[in-house]
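Visitor:
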Amino acid sequence: MVEREQDPLSHLAALARATDDLRPTDDLTDAVLRAIVPPDDRLARITRDTSDLAPSDDFVPSVMSAIGAARGARPAEPPWSSGVVRFGRFALVGAAAAAVLGLWLSRTAETGYDSAVLESVASVEVYE
Amino acid sequence: MSVDLRLVAARVAGGDVAAFRPIVDHTRVPLYRLAARLVGNLADAEDALQDAYSSAFRALSEGRYDGRAKIETWLYRIVTNACVDLLRKRRERPAEETGEPRFDGLVRAEARVALNELDVMLKALQPQDRAALVLVTVEGLSAKEAAEALGCSEGALEQRLVRARAALRTKTEAGEVSDGRA
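As you go down the protein sequences, you meet chains A and B in turn. Once you know that position 9 of the first sequence is 9 in full-length UniProt numbering, the rest is easy, because the numbers rise by one and skip nothing. Once you know that position 114 of the second sequence is 114 in full-length UniProt numbering, the rest is easy, because the numbers rise by one and skip nothing.
1) For the segment 45-52 of chain B against the segment 24-35 of chain B, do three or more pairs of beta-carbon atoms, one drawn from each stretch, fall closer than 8 Å, so that the two count as touching?
2) Name the chain A residues whose beta carbon is nearer than 8 Å to that of residue 207 (chain B)?
3) Starting from the beta carbon of residue 8 (chain A), find every residue of chain B whose beta carbon is closer than 9 Å, and list them in chain order.
4) How far does the alpha helix (DSSP H) with residue 12 (chain B) in it extend, from its first residue to its last?
5) Measuring CA to CA, which of B:17, B:70, B:168, B:9 is closest to residue 65 (chain A)?
6) Regarding residue 76 (chain B) and the ligand SAH, is the C-beta to nearest heavy atom distance less than 8 Å?
7) In this structure, how does DSSP classify residue 46 (chain B) when only helix, strand and coil are distinguished?
8) Along chain B, which residues have their Cβ under 8 Å away from the Cβ of residue 24 (chain A)?
9) Would you please verify whether the beta carbon of residue 17 (chain B) is less than 9 Å from any beta carbon of chain A?
10) Mind the definition here: the segment 46-55 of chain A touches the segment 107-123 of chain B only if three or more C-beta pairs lie below 8 Å; say whether that holds.
11) Quick check: what's the CA-CA separation for residue 25 (chain A) versus residue 19 (chain A)?
12) Determine, using beta carbons only, whether residue 141 (chain B) comes closer than 9 Å to chain A.
13) Can you name the residues of chain B whose CB is closer than 7 Å to the CB of residue 59 (chain A)?
14) Excluding sequence positions up to five away, which residues of its chain have a Cβ less than 6 Å from the Cβ of residue 127 (chain A)?
15) Relative to the alpha-carbon of residue 135 (chain B), which residue among B:147, B:126, B:125 has its alpha-carbon at the smallest distance?
16) Here's the rule: buried if 16 or more other CB atoms are within 10 angstroms of the residue's CB, otherwise exposed. What is residue 56 (chain B)?
17) Would a check of beta-carbon distances place residue 157 (chain B) closer than 9 Å to chain A?
18) Going along chain A, which residues have a C-beta under 7 Å from residue 115 (chain B)?
19) Which term fits residue 27 (chain B), buried or exposed, when burial requires 16 or more other beta carbons within 10 angstroms of its beta carbon?
20) In the DSSP assignment, find the unbroken alpha helix (DSSP H) run with residue 18 (chain A) in it and report its ends.
21) Less than 9 Å between the C-beta atoms of residue 157 (chain B) and residue 124 (chain B), yes or no?
22) Please tell me whether residue 78 (chain B) and residue 36 (chain B) are closer than 9 Å, where the distance is taken between their beta carbons.
23) Cα-Cα, which of B:93, B:138, B:5 is closest to residue 118 (chain B)?
24) Quick one: which chain B residues come within Cβ less than 7 Å of residue 66 (chain A)?
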């Protein structure tokens, strides 16, 4: 530590002497060069440096065992409401189709009945 | 040896779990690299990649892969989504610590330093902007391929790239971009 001199100028001179051999490490040059390189050039260098990234061989067994565990897990039973949602549309369509069929059948039966009655009335009239 | 992964995928869809192994084997290297570059560290990359493979397996088993895209392209999209999700979570919970990578035995020291530098450089970007920049500038995808991987239009991708580059330039001009070293 620099001792404080009475005279400010002498003190400054002492501080100057004490800080005379301040030197950065070589990393400073690298850091400056990195900082002034445009981002795209830095990204290009990073791309080169990371081009041979690869996982170790035990990665595949790990994924396969994770998948096996997922497969072993029993799927949750769907709630009854999902059945209503899934089959409700079919039930509605089925009910509508049954109603149409019923209407058609009753119309057909009615027409058949009417013509049978008319025929029998006509035959009675002919007989009379 | 070239493997037709669509045929292999069809076997997985038919219930053959072991058939998923050649898919992982064939795609793990490029996808590991992609995940690491997207999230900027190996531990998170491994988590995202495992999640992505599990999702892909479920999708194949449930018949949700329609075979229109190549398996590699389809997986690329799934991994990208998993990484973007992870980046979002990391932004929401910055205090959460990253674990240790488990499958990094083959990774060189230079690559680790470069990944750290990439992460520091892109930290402030929005996850989607960051992913767009990495896919195009680092992974070398065309705008069309990158847009497909991100599930957006090419116009939206261009916007993200412009935003990301502008943010990087601003940081560089302000002298904020460090090289990630202590």
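Beta carbons are placed, not taken as given, at the ideal position from N, Cα and C, and that holds for glycine.
Guide: Based on what the coordinates show:
1) yes
2) With chain B running from 1 to 182 in the structure shown, residue 207 (chain B) is simply not present.
3) In the first sequence, counting from the first residue as 1, residue 8 (chain A) sits at position 8. Against chain B, the beta carbon of residue 8 (chain A) has no neighbour under 9 Å; the closest one sits roughly 34 Å away.
4) Along the second sequence, one-based indexing puts residue 12 (chain B) at 12. Run containing residue 12 (chain B): 5-13, per the alpha helix (DSSP H) assignment.
5) For the purposes of this step, residue 65 (chain A) is taken as the residue at position 65 of the first sequence. When each option's Cα is compared against that of residue 65 (chain A), the closest is B:17.
6) Of the ligands one can find in the structure shown there are none, so the ligand SAH has no counterpart to examine.
7) On the second sequence, position 46 is the one that residue 46 (chain B) refers to. Reduced to three states, the DSSP call for residue 46 (chain B) is helix.
8) Counting from 1 along the first sequence, the entry for residue 24 (chain A) is found at position 24. Neighbours of residue 24 (chain A) on chain B: none; closest Cβ ~14 Å, over 8 Å.
9) Along the second sequence, one-based indexing puts residue 17 (chain B) at 17. Yes, its Cβ sits closer than 9 Å to a Cβ of chain A.
10) yes
11) Against the first sequence, residue 25 (chain A) aligns to sequence position 25. Against the first sequence, residue 19 (chain A) aligns to sequence position 19. When rounded, the distance between both Cα atoms is 15 Å.
12) For the purposes of this step, residue 141 (chain B) is identified with residue 141 of the second sequence, where counting begins at 1. For residue 141 (chain B), the answer is no, since every Cβ of chain A falls outside 9 Å of its Cβ.
13) Locating residue 59 (chain A) in the first sequence gives position 59, counting from the first residue. By Cβ distance, chain B contributes 28, 103.
14) Indexing the first sequence from 1 puts residue 127 (chain A) at position 127. Closer than 6 Å at Cβ, skipping near neighbours: no residue.
15) For the purposes of this step, residue 135 (chain B) is taken as residue 135 along the second sequence, with counting starting at 1. Residue 135 (chain B) has its Cα closest to that of B:147, out of B:147, B:126, B:125.
16) The residue labelled residue 56 (chain B) in the question sits at position 56 within the second sequence. The residue is buried, with at least 16 neighbouring Cβ atoms inside 10 Å.
17) As a working note, residue 157 (chain B) is residue 157 in the second sequence. It does not: the Cβ of residue 157 (chain B) has no partner Cβ on chain A nearer than 9 Å.
18) On the second sequence, residue 115 (chain B) is found 115 positions in, with the first residue counted as 1. Result: 50.
19) The residue given as residue 27 (chain B) occupies position 27 in the second sequence. By the 16-neighbour rule on beta-carbons within 10 angstroms, residue 27 (chain B) is buried.
20) As a first step, residue 18 (chain A) is located in the first sequence; it is residue number 18 there, counting from the start. Run containing residue 18 (chain A): 8-18, per the alpha helix (DSSP H) assignment.
21) On the second sequence, position 157 is the one that residue 157 (chain B) refers to. On the second sequence, position 124 is the one that residue 124 (chain B) refers to. No, the Cβ-Cβ distance between residue 157 (chain B) and residue 124 (chain B) is not below 9 Å.
22) As a position in the second sequence, residue 78 (chain B) is number 78, starting the count at 1. As a position in the second sequence, residue 36 (chain B) is number 36, starting the count at 1. No, Cβ-Cβ distance for residue 78 (chain B) and residue 36 (chain B) is not below 9 Å.
23) Taking the first residue of the second sequence as 1, we reach residue 118 (chain B) at position 118. Taking only the C-alpha atoms, the option nearest residue 118 (chain B) is B:138.
24) As a working note, residue 66 (chain A) is residue 66 in the first sequence. What residue 66 (chain A) touches in chain B: 50, 54.
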